[in-house]
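Visitor:
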Amino acid sequence: MRKWKQLLSITMAALLTAGLCACGRGGETAQEAPAVETPETGMQTAENGEPETITLRFFNNEPTLTEKLNEINAEYTRRNPHVQIEIVDVPGADYYTKVDTTILSGEQLDICFFNVKFDYASRAAQGEFYPMDDFIKAEGVSSVTDLYTIDSSVEDGKVYGLPGDVKEYVIWINKDDLEKAGLEVPSLNWTWEDFEEYARKLTWGEGPDKHYGAMFYTYDHYNVLTAYNRLDGNPYLNKDGTLNLDDPSFRESLELRYRMEQVDQCAMPLSEVLATNLDFRTAFFSGKCSMILMATNIIPQTADLENYPHTFTTTYASFPMPADGRTGYAYADNRFYCIGATTVNAEESYKYLRYLTTEGIPMKGVTFTADKNNQTGIGDVVDLMTAENPELFDKEQLLTVLNNPDLKNNFWEYVPSYTGEIVNLYKAQAEKAVMGEIPFDKALETAAQQCQQVIDNNK
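Each step along the sequence shown adds one to the number in the working numbering, with nothing skipped, and position 121 is 230.
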């Protein structure tokens, strides 16, 4: 990781030097890479004294929301006529790579976002983002937590991103399947044992037409399901930096998935998900499974009948807990909006992000905001989430789950820059165990050795 950071600095310097040299060769034109360490931050003024029009380049990974984002941006430009927002849509898995390579090349990138704190933290450590601390203090506050409910500072104590879309994880359930199996909507304090029992009763058929009671997916959090109830902030690492893989929650989570996928066969096997490259939305809305754990920001896609045709109503249940777990604790994460290190409009980018992460998030109608001064209620956001084809949503039950007085969202907190490496190393071994390729003990032992090596390498 340190080598990559050095490469970033060297490459940026080389690009800057090349740009300066090119400008001096007999009037030849070349795209000059802006200096990463000292970008222009103040507002530029035209000769007539009016603010010069600037364009902020926003790299967006949600093309389905581009239209809504353009509406939000139009309102910002109406209030700030000198600022234009250019949306650069980068759909799919190439987004992070595109952001990395754009900044590495020295090309202007003003706004980008990362959906998990460890992805954001690792890139902040590599110098990809512009620090926001001075802008925050200029507002008369001492910390980002004076403005937001989530702490977005990273290992060096600085803030490189503002907390945006809050995503809570809930269980989605096909309500027609519940009725077919004679089951009630689960209670708010149901357990993973209850989840297993429901999955068994919601499984029927054989062969290619088999209908599964549940489906897990390929994301890393499906391998540590019970840990999010017991371990705060970072399930993999203690606050003193020591590894936490010896906590019983890790083995318990692997056993849960293995039992459901391999023994009872009431959850779609991971091997099938990987072999078919089956998208979780397609699996759920096509009726291949009855239950899936998914984030609230995906809920509005229920109404997308062009891509996910279906007629059943989706109801919702809370994040299950272990039998001896803490009531109401659930996994949650949020998006971090960052200013690229190659910006030439840092101050204007920050002002725009303050607007987007306060007024803009509720206007999107797909997620909740971390803004401490937010005046938009949960019900208002849910109204927007379920406005299109409302018959497809059990809105009342969704509100019951989200307004649970015992709900405690467990966000990522202590996140060293190398956390992503640890998550991926554990994920690789966990998947082998879940698919029955290696014993649980072997998976945990190998993961512990590999992850400890990462910790040692970063001391």
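Where a beta carbon is used, it is the ideal one built from N, C-alpha and C, also for glycine.
Given a cut-off of 8 angstroms, decide if A412 and L297 are closer than it, judged by their beta-carbon atoms.
Guide: No, these two residues do not count as a Cβ contact at 8 angstroms.
Visitor: To the nearest angstrom, how far is the alpha carbon of T120 from that of L292?
Guide: Because T120 carries a pLDDT of 40, less than 50, the predicted location of this residue cannot be relied on, and the following value inherits that uncertainty. Their Cα atoms are separated by approximately 60 angstroms.
Visitor: L271 lies in the alpha helix (DSSP H); which residues open and close that run?
Guide: First-last for L271: G270 to N283, but that is the beta strand (DSSP E), not the alpha helix (DSSP H).
Visitor: Look at N283 and F167 and say whether their C-beta atoms are less than 8 angstroms apart.
Guide: No, Cβ-Cβ distance for N283 and F167 is not below 8 angstroms.
Visitor: Using the three-state DSSP reduction, which class does L352 fall into: helix, strand or coil?
Guide: In the structure shown, L352 sits in a strand (DSSP, three-state: E or B).
Visitor: Can you grab the Cα-Cα spacing for the pair T452 / Q217, in whole Å?
Guide: One C-alpha to the other measures close to 5 angstroms.
Visitor: In whole angstroms, what is the alpha-carbon distance linking N443 and T478?
Guide: In a straight line, the C-alpha of N443 is about 9 angstroms away from that of T478.
Visitor: Would you mind giving the Cβ-Cβ distance between S526 and E264, rounded to the nearest angstrom? I have them listed as a contact below 8 angstroms.
Guide: Confirmed, about 5 angstroms.
Visitor: Count the other C-beta atoms from every protein chain shown that fall within 10 angstroms of the C-beta of A432, then say buried if there are 16 or more, exposed otherwise.
Guide: Exposed, by the Cβ-count rule.
Visitor: Residues in the same chain with beta-carbon distance under 6 angstroms from R188, minus the five sequence neighbours each way, listed in chain order, please.
Guide: None.
Visitor: Have a look at T254 and G486 and give me their C-alpha separation to the nearest angstrom.
Guide: T254 and G486: Cα-Cα distance of roughly 20 angstroms.
Visitor: G434 and L516: beta carbons closer than 8 angstroms?
Guide: Contact flag unset, no.
Visitor: Counting pairs of Cβ atoms below 8 angstroms between the stretch 319-327 and the stretch 297-310, do you hit three or more?
Guide: The stretch 319-327 vs the stretch 297-310: in contact.
Visitor: Thinking just about the alpha-carbon of each residue, which of A439, P357 and I408 is nearest to the one in D570?
Guide: The question about residue 570 has no answer here: the residues shown for the chain are numbered 110 through 568.
Visitor: Quick one: grab the DSSP three-state call for F477.
Guide: Strand at F477.
Visitor: May I ask which residues mark the beginning and end of the alpha helix (DSSP H) holding I212?
Guide: Run containing I212: Y204 to S214, per the alpha helix (DSSP H) assignment.
Visitor: Would you list the residues sitting across from N518 in a DSSP beta bridge?
Guide: A439.
Visitor: Determine, using beta carbons only, whether G273 and I470 come nearer to each other than 8 angstroms.
Guide: Contact flag set, yes.
Visitor: So is L365 buried or exposed if we call it buried at 16+ other beta carbons inside 10 Å?
Guide: With 16 or more Cβ atoms within 10 Å of its Cβ, L365 is classed as buried.
Visitor: Closer than 6 angstroms by C-beta to F394: which residues in its own chain qualify, once you throw out the five before and the five after it? Chain order, please.
Guide: Excluding sequence neighbours, F394 sits near Y417 and H419.
Visitor: Between the Cα of M472 and those of N169, L174 and I163, spot the shortest distance and give me the residue it belongs to.
Guide: Nearest option by C-alpha distance: L174.
Visitor: For F244, which residues of its own chain have a beta-carbon under 6 angstroms away from its beta-carbon, when the five flanking residues on both sides are left out?
Guide: Counting only Cβ-Cβ distances below 6 angstroms, and skipping sequence neighbours, we find Y459.
Visitor: Terminal residues of the continuous alpha helix (DSSP H) containing R390?
Guide: F389 to F394 is the extent of the alpha helix (DSSP H) around R390.
Visitor: Provide the residue(s) that pair with V192 in DSSP beta bridges, ordered along the chain.
Guide: Paired residue(s): I163.
Visitor: Do the CB positions of V563 and K226 come within less than 8 angstroms of each other?
Guide: No, the pair does not count as a contact, with Cβ atoms beyond the cut-off.
Visitor: Assuming A392 and M369 form a contact by the criterion Cβ under 8 angstroms, report the distance between their Cβ atoms to the nearest whole angstrom.
Guide: Contact flag wrong, Cβ pair sits at about 15 angstroms.
Visitor: Distance check for T327 and L287, CA to CA, integer angstroms please.
Guide: Going from the Cα of L287 to the Cα of T327 covers about 25 angstroms.
Visitor: Which residues bound the alpha helix (DSSP H) around S362?
Guide: S362 -> alpha helix (DSSP H) spans P357 to Y367.
Visitor: To the nearest angstrom, how far is the alpha carbon of L363 from that of A539?
Guide: Looking at the two C-alpha atoms, the distance is approximately 7 angstroms.
Visitor: Output yes or no for whether 8 angstroms exceeds the beta carbon distance between V208 and M241.
Guide: Against a cut-off of 8 angstroms, the Cβ pair of M241 and V208 comes out as no contact.
Visitor: Which stretch, first to last residue, makes up the beta strand (DSSP E) that contains I531?
Guide: Unbroken run through I531 is the alpha helix (DSSP H), T528 to V543; no beta strand (DSSP E).
Visitor: Measuring only the C-alpha atoms, how far is R134 from S214?
Guide: Low confidence applies to R134: its pLDDT is 27, below 50, so where it sits in the model is not reliable, and the reading given next is rough at best. Distance between the alpha carbons of R134 and S214: 21 angstroms.
Visitor: Taking the alpha carbon of I163 as the point to measure from, which residue in P190, S262 and A183 has its own alpha carbon closest?
Guide: I163 has its Cα closest to that of P190, out of P190, S262 and A183.
Visitor: For the alpha helix (DSSP H) holding F244, just list the boundary residues, first then last.
Guide: That run of the alpha helix (DSSP H) goes D242 to A247.
Visitor: Does DSSP put G236 in a helix, in a strand, or in coil?
Guide: Coil.
Visitor: Can you pull the DSSP bridge partners for D198?
Guide: Bridge partners of D198: N169.
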